[in-house]
Amino acid sequence: MSFIGSPATPTGRGTALNSSQRLSSSQGAGGRIEKEEWIADGPKKIVIETKETIFKPTTPETGPQAPVIPQRWLGGDEQRRLIIWAIALIELWDAAAPHFTSDLPTTLSSAARIRGPVSAALWGVAEFVLLGLISLLRVPGFSPMPSKPVGILLLVLLLAGWNLLCWFVADPRAFIPTVRMFVHLGEEGFFWGWLYMIGHFIKRITVGAPEHIQGIHHIRMLPYSTATINPSSFTYCIPQGSREPMYIPVLFNNSDPDQVAYRTSSLVDGENGKNQTHSVYASHMKVAKSHRGFSLSRDEGDEEDEAETIRDLVRASKQLDAAKLSSIKAADSLLAPLAITLKDTESIRFLEIKEPSVVTLLKVVDKHGDRFNVNPHREAVIYECPSGGDFVETNKKGKTVTYPGVKDAPPELRCVGSEDLVNFQVRGVAPLHVTYNRIVDGSVVSGGEVKGIEDEQPDELFSRVSKMHNVPLRLRHDLIGTEEITLASVVDGLGNTHTPTGPGSTMAFNVLQKRSVSFNCPRPIELLVGGAAKLPVELHGSASKGLSVNYTFTNAAGGVTARNLEVTDQRAYIDVHEPGKFTLQSVGGISNDVGSAVAFEFTGTPPYTVFYTEQKKGSPAVKKQHVFRGAGGELVLKPEREGKYTYTFSGLNDARYTNIPIDYPAIHQVVRPPASVILTGSKHRQLYHCSPDEVGVELDVQGNDPLKLQYRTNWAGQSMNTTVPIKSGKQVLSVPVPKELHAYTGASGRFVITLVSVEDSNGCVKRLQSQQIDVDIDRHTPSARFAASERVTIKEGSQVNAALRFTGNGPWTLEYTLDGKPQPAFKTRESNSQLQLKQKGLYVLTSVRDAHCPGDIDEFDAKYSVDFLPKPVASLAESSFIKSVGNGKYRTSGVCSGQEEGAAIAFEGASPFAISYKGYVDNSGGQTSVLNSAQNTGVLHLASEKPGTYLYKFFKLTDSNYEDTKVDFSLEHTVHGRPSGIFSRQNTLNLCRDTKLETNAKLKLTGQPPFTVTLGVRRPASAELIEHKVQVPGREWDVELDETVAAVGRYEIVLLEVADASGCPYAPASADSIATPVDVVETARVVPLSKDQDVCVGQTLNFELQGKSPWLVEYEWQGRRYEVTSSSARFTREAEKPGVFQIHSVALKDRRGQAQCKRTIDGLSKTVHPLPSVRIQDGTQHLHEGDQPAIFGVKFQGTPPFTFTYVRFEMSNGKKKVEETLTISEIWEYEYWISSSTPGDYEVTSIADKYCRFPPLGAREDV
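For the record, in the sequence shown the residue sitting at position 451 is 450 according to numbering that gives the first Met the number 0, with numbers rising by one throughout.
Structural data, given as structure tokens:
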């Protein structure tokens, strides 16, 4: 989508010509100048031809080369003065920087100043290279000549002398004749510091300082122009498939549109929700200007014809009352808006829409590119008009087709009182409402309606979409005659009405009364020999249409003949010429429950073959044939299964001719089977104690329901007949058992069930062949018990066999418990069996089941008890010397070497006893030994000669009953040596004054930890020992004492005494191994000069170094660690980037360049925060009078809360004139929105966040 218009001027009006110009010129060899201008119709190129001018260069004369900088830019004197001033400034830095400069960048150390021979020499080389570069500029009277080496030599000596002088000014002590003159040869950082400083300055010159305040927002006031679609809020309706477009009015105010952009959201089923964006020029839209101007064409026509057309349309619009219409149709869409009274500043144009959709305006611009204020809450909804209203049905292919109508299809026959479920289709916007009329014999008898036709769609957009609905309608035919159901109207959810007029909107039925036929003869008809008679047949029901009655005639010889009678009145007659029996078979396809016999008489040459088909309703036809050997015969049509059958005769063959057609009407008959009952289950049954008191008899029953079955039961010389109602089909009949044989009696016997007869619904009784079921009954209860309840004692590992007794029918399943816990079930087929018992405890029988039923347990013989002979037991006797530590482990309190001790072992069982054990010394050994004892207590003598840990593991015990009983317990015995200690490593660290007495000496201890160590500290120039007692958990300890060394000199730490956990006496070592020296030297410190933890980029970090110079300072910045040397007590760094500046340590630098008295600094850090930035939304907003205020954003970078100041200014004579200044504070978000209706230019002048402000206070704010 694109908008075409000229750019806007600050006043909101576009210029007609030269609103923007671009001028480009180029001159080539041909002197062609091209000038391109931008005017209202687009860019135009103007070509100006010039004459070619050729300049021929002159040959230069031999002489000195011209300066690199042309003298027309800078004269020779000016170039010399500029270079002299630059060199003077550099040398002034060289001499004065060490004394007056303290705000170097962070990564620029103090090595950038002359303070040693290396820095002085590097300064001299740099200055010489600089002069060499100056000579390449060929400055007149200033560049040294290579042909004069003496001058160059004097220049080098002059520079060297000057740098020595600067070194002397910076550090006079360095010139004292000592070896310290060469200390600074190892200074680091000089090269990289200067390289960084040069790069820093170049970056500031080329790139410039970062911009922290950006953007200017312009607000311009324009006339208030509006665009409103569908100003009267009409609803529109367009028929399905219509090609006539719908015209949607758009009301414009205060300006003429140039281009209109709008969006359509499709309301076509299947494409609903599909959005499309359109753009149309206003010149292509139909126009309605009040009632004075209206055009139906895009081109201007004849004014008189147009005026006449307008008068006609206005007259038609007055007759059209749009307020009373549910929706505006396409034909009225141009007329409805004419009823609106337009102001002089208003006009109406129409959008052309061709399909159902929701139309909303997106953007409207005039010819200057200024935007209209589009009403955001207006839309035009073009619905699809309701349609349909046709009855539908399903054809043979399963497709839904429209009902052909009463003219193309005859009325369908229905019997009075029947019902139909028909379907019709309607289309429209839900919910739909359909009305219909019921017409019988040309008169409207009733009407009906169907409401609430809709889909379950919660989406609002779907509710606007027109959809096809298939609606069921239930009809009841309760009146006789020609009945028509006509759909009268279809009303959609908006009130639009459609009247169905198609042939499918009406469905017709011919409703008839139900009819039947019967003989009307109260007594048999007498027929004279050779005479004739008439047999009356009476029709009950309507005789408006004839019907066919099928009947059979059976003569005196038994021959059956099928015949047909056409009945066209309430009474008809059958002509009778011979005696016999007449039977009505069917009327309209309804047959009696009899078979059919067809008699044939043939002429020709036998044998005769009759071909016919038998077709059961719902099944395919079966071709059959029958052969007759004589000149006549009878064919009995008797199907094997029940159902409705139709017999059709097709042809005849004799000995000479074939396929002779037979013209005989079809025969219809209904076959119902005779009643029968068959036993389908087992003929022999058994009932047990747990069986129910009834027998289920499986039956297969056939016949016409309801049926009655008679059966007989016999038992113990008694019998009884019983009749029960049954139904056809497979079923189970429950026959009760006589009370004498019920389960609770416990009796046994035989029971017989015999089927006697079955009676169907017609009262026909059929005797059944002998079918009986024999039932054997045994009601005895199975049981189980132990042969005798016993209590036995066995040796562990052996077993006992407990005798069991069962009654009942095997196999048996026995369940039992051991000490209340269920055990695996025991199964046996023997009534006298044995249960093998291996575990001790009380065995209790809980339940038994034989092959058929659960049984009883004899409670007097249900228990059996088994015990084991006790096994020997051994254990250590606890005392103050021996303690248990759990899990069969014991431990002695330990003895000092040389002390005798023993351990008592207690035995239980049958003496004598022997216990085996293995002995280990310090996890080695493993020798097996045996301790024998005839008493219940034995004594084990413990080792005590050598220090160490002794372990006794006991694993086997023997008494007179059991030879090998496993035991698992152990005794840990410790023999302690006398504690002692030595300094295994002497101290080599020098401590700083006022620090803790922490050394790298290591004390090695022997004995049982934990230890209590007594140390003595001898201070410098003192003979007194200050004692310290320290608890040491292990056998090695790094010597660290809680004492601050306050004096400079040598300390001495002496080991006085060691006590361990064993309590054994101390054994001192040699004197030279129980003392270590400690040297204490001076320390270094660093102190911040400001208490501010948070600083901003651009500020300076100042620290003061305490101690003796020079210092080594280690700090971290930007993720990297630096170690620099500082000879000044004031340590400064510039915070040029955001980050965390942290000093980790400070130390004194000794003569070897090593760190001395290094102090680790914790928590000395400064957080450098970035300067906040602000950007006001660039651009220009044009406001009309009455518009909503302009809203534009201000975005921040930094740490909230933010405070910013902005101004509104106007340009006056090329200068800014500030009209308003506002300050907004406490902004916690990163974006702030300014709302204003006042025209002007808006610009931010200052920004501050939680930590920093830009520009800093004191700096000039250019507003």
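We put the CB at the ideal spot given by N, CA and C, even for glycine.
CB of residue i within 8 Å of CB of residue j, strictly
i, j, result
"Ile228", "Ala379", "yes"
"Pro1200", "Ile1226", "yes"
"Gly748", "Ala715", "yes"
"Tyr402", "Arg463", "no"
"Val847", "Trp811", "yes"
"Asp1078", "Arg1049", "yes"
"Val259", "Val286", "no"
"Ala507", "Val405", "yes"
"Thr1198", "Tyr1250", "yes"
"Thr234", "Leu493", "yes"
"Tyr644", "Tyr611", "no"
"Ile477", "Gly416", "Residue identity check: residue 477 is Asp in the sequence provided, not Ile. In this structure, Gly416 lies closer than 8 Å to Asp477 by Cβ."
"Ser979", "Ala1070", "no"
"Thr340", "Tyr261", "no"
"Phe518", "Leu538", "no"
Buried versus exposed call for residue i [16 or more other C-beta atoms within 10 Å across all chains shown]
i, result
"Pro1188", "exposed"
"Tyr743", "exposed"
"Gly885", "exposed"
"Cys1263", "The displayed coordinates of the chain run from 0 to 1262. Any statement about residue 1263 would go beyond what the structure contains."
"Ser760", "exposed"
"Glu482", "buried"
"Met1210", "exposed"
"Asn554", "exposed"
"Gly123", "buried"
"Gly1106", "buried"
"Asp1161", "exposed"
"Gly908", "buried"
"Asn394", "exposed"
"Ser515", "exposed"
"Thr936", "exposed"
Supposed contact pair residue j and residue i - C-beta distance, whole angstroms, cut 8 Å
i, j, result
"Ser232", "Ala329", "That pair is no contact at about 18 Å."
"Ser488", "Thr434", "5 Å"
"Val425", "Ile452", "7 Å"
"Asn989", "Val1057", "At roughly 28 Å, the Cβ-Cβ gap does not stay under 8 Å, so Asn989 and Val1057 are not in contact."
"Thr604", "Arg655", "5 Å"
"Ser932", "Tyr916", "That pair is no contact at about 13 Å."
"Leu1104", "Ala1128", "5 Å"
"Ala850", "Gly809", "6 Å"
"Arg684", "Thr753", "About 14 Å separates the two Cβ atoms, so there is no contact after all."
"Val791", "Val894", "Incorrect: roughly 51 Å between the Cβ atoms, too far for contact."
"Ala226", "Asp257", "The Cβ separation is near 12 Å, so there is no contact."
Bridge partner(s) assigned by DSSP for residue i
i, result
"Ile881", "Thr891"
"Asp967", "Bridge partners of Asp967: none, in fact."
"Leu841", "Ser864"
"Thr1082", "DSSP output for Thr1082 lists no bridge partner at all."
"Ser1089", "DSSP, once it has assigned bridges, lists no residue as partnering Ser1089."
"His216", "Gly1178, Tyr1241"
"Cys991", "Val1080"
- prompt: Just checking, does the region 989-1003 make contact with the region 1085-1105 on the three C-beta pairs under 8 Å criterion?
  reply: no
query: For the 8 Å Cβ check, are there 3 or more pairs between the region 785-801 and the region 822-840?
result: yes
- request: Evaluate contact between the region 717-736 and the region 689-706, counting only Cβ atoms and requiring at least three cross-stretch pairs below 8 Å.
  value: yes
field: Contact between the region 934-954 and the region 857-872 (3+ Cβ pairs under 8 Å)
entry: no
message: Quick test of the definition: if touching needs 3 or more C-beta pairs under 8 Å, does the region 783-791 touch the region 753-771?
response: no
field: At least three beta-carbon pairs within less than 8 Å, the region 1212-1220 to the region 1160-1171
entry: no
- prompt: Using 8 Å as the Cβ pair cut-off and three pairs as the minimum, do the region 1173-1180 and the region 1134-1144 touch?
  reply: no
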